[in-house]
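Asks:
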Amino acid sequence: MSLSLNDIKFPMHWNLDPNEFSYVEYVYREGLELGVWRPDNKRDQMAHTNVVSLSRYFWPNVDFDRLVMGGELMLWFFTFDDGLDAGIYDDQKSLELVRRMDIVFMDGILPEDPTGPEKVALRLRNKCLAMCGRRKDTFNRFITSCVQWVDSIIPFNKVKVGGQSPHIELYSFLRKINIGAYPCVTLTEVMLNHHLESYIWADPRWIKMNEDIAIVVTLINDLVSYEKEVNDNAGDLNPLFFFQRQNNVDLCDSYKQMVTLIDYYVDHYVQLEQGFLRTLAKYHNPLQEQEVNFMLDHLHYLITGSRMWSMQTPRYCSPTSPFIEMRKFREA
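The working numbering puts the first residue of the sequence shown at 28, with every later residue one more than the last.
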């Protein structure tokens with residue numbers, strides 16, 4: 028059976044050309060310094076490149092320093108989340124790690140025996156604090172989004188009750204936080220030189236736009252990770268898999284349902300964006316309009332970049348993928 032990710036349609040102006048690649052090596056050296064990666068370990072190097080390279084798709088037009096910050100965010104996501112997802116910690120230890128990470132972000136201090144991900148988190152936090160300057164509201168939004176993501180990991184991993192997959196609405200409600208899109212958006216706000224009024228980010232349309240994009244990113248991630256998760260016996264939390272069981276349909280029909288869902292959220296987002304732009308006060312200078320467009324472009328790039336990155340990453344590509352665009356190599 029051959030499915031195509033190109034069945035998913037986005038507006039043409041959401042397309043992107045990825046940023047340059049040299050930051051990946053820079054962030055890798057940081058990972059070695061902070062104890063996230065083991066020296067001269069090819070598996071670590073491959074994992075790092077696969078995950079951190081996503082930043083060049085999410086932030087295709089930023090300078091090197093900001094691209095590094097995006098890479099650090101991806102490095103933190105991957106190393107902290109995969110540790111909890113791997114099942115190597117019991118519930119008590121997992122909760123302890125979550126609470127420790129919350130303190131790193133909220134208080135800006137490390138525990139006495141810091142882990143590599145905690146060191147990465149503190150470095151990124153301190154960079155954001157310096158870049159924000161007087162923009163305490165921006166900094167607080169970034170910290171809040173990171174804490175919310177950290178706090179979502181354990182609840183999402185517990186969402187299966189009695190071995191049953193959740194309803195798609197419950198799944199989407201939890202996953203839109205757990206996917207990690209919100210910290211990407213608030214980090215993008217940190218990157219601004221900032222000529223915008225802070226009330227913009229409290230607009231309910233803006234918040235709903237973020238939610239719609241997060242759900243689309245989630246669904247794209249579920250599509251591209253389908254084969255890997257099924258092979259790892261983790262398909263119960265993948266809607267492409269559990270739609271087949273819940274609705275008694277085959278893979279092709281399950282994919283059609285996923286595409287229909289994505290189409291709905293993309294269309295709803297476009298309507299919200301149009302309303303959001305109509306409600307904004309008149310721009311005082313061209314920089315304000317540029318910064319609004321910069322934020323909107325980032326939302327667009329989160330989903331188009333996710334799909335583009337997924338078509339080439341060894342993390343998900345495989346000769347036996349159900350998606351023709353992903354029938355390539357896979358990492359060992």
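All C-beta atoms, glycine included, are put in the ideal place defined by N, C-alpha and C. Since the structure is predicted, the reported quantities are computational estimates derived from the model, not experimental observations.
#1: Might you give, ordered along the chain, the residues of its own chain that have their beta carbon closer than 7 Å to the beta carbon of F104, omitting 5 neighbours on each side?
#2: Does the Cβ of F303 have 16 or more other Cβ atoms within 10 Å, making it buried, or fewer, making it exposed?
#3: For L307, which of helix, strand or coil comes out of DSSP?
#4: Kindly indicate the opening and closing residues of the alpha helix (DSSP H) around S82.
#5: For a quick check, are the C-beta atoms of V131 and L111 less than 9 Å apart?
#6: Could you tell me the alpha carbon to alpha carbon distance between L30 and E352, rounded to whole angstroms?
#7: Check for me: the alpha helix (DSSP H) holding I130 runs from which residue to which?
#8: With F183 and L201 assumed to form a contact (beta carbons below 8 Å), what rounded beta-carbon distance in angstroms separates them?
#9: So, for E358: in the same chain, excluding its five sequence neighbours on each side, which residues have a beta-carbon less than 6 Å away from its beta-carbon?
#10: In or out: K203 buried (at least 16 other Cβ within 10 Å) or exposed?
#11: Of all the options L223, I289, L278, L137, which has the alpha carbon lying nearest to the alpha carbon of E316?
#12: Kindly indicate the opening and closing residues of the alpha helix (DSSP H) around L151.
#13: How far does the alpha helix (DSSP H) with A74 in it reach, from first residue to last?
#14: Assign L137 to one of three DSSP states: helix, strand, or coil.
#15: At what residues does the alpha helix (DSSP H) containing L326 begin and finish?
#16: Where does K185 land, buried or exposed, given buried means 16+ other C-beta within 10 angstroms?
#17: Kindly indicate which residue of L288, F169, V319, Y343 has the alpha-carbon position closest to the one of K36.
#18: Taking the straight line between their C-alpha atoms, what separation do you get for C211 and N237?
#19: Look up L30 in the DSSP assignment and give the residues it is bridged to.
Replies: This is what the structure gives:
#1: G207
#2: buried
#3: coil
#4: 82 to 85
#5: no
#6: 9 Å
#7: Taken as a continuous stretch (DSSP letters only), the alpha helix (DSSP H) holding I130 covers 118 to 134.
#8: 5 Å
#9: In this prediction, E358 scores a pLDDT of 48, lower than 50, which makes its location untrustworthy; the coordinate-derived value is nonetheless stated afterwards. Around E358: M73, P341.
#10: buried
#11: L223
#12: 143 to 159
#13: 69 to 79
#14: coil
#15: 313 to 337
#16: exposed
#17: L288
#18: 10 Å
#19: F350
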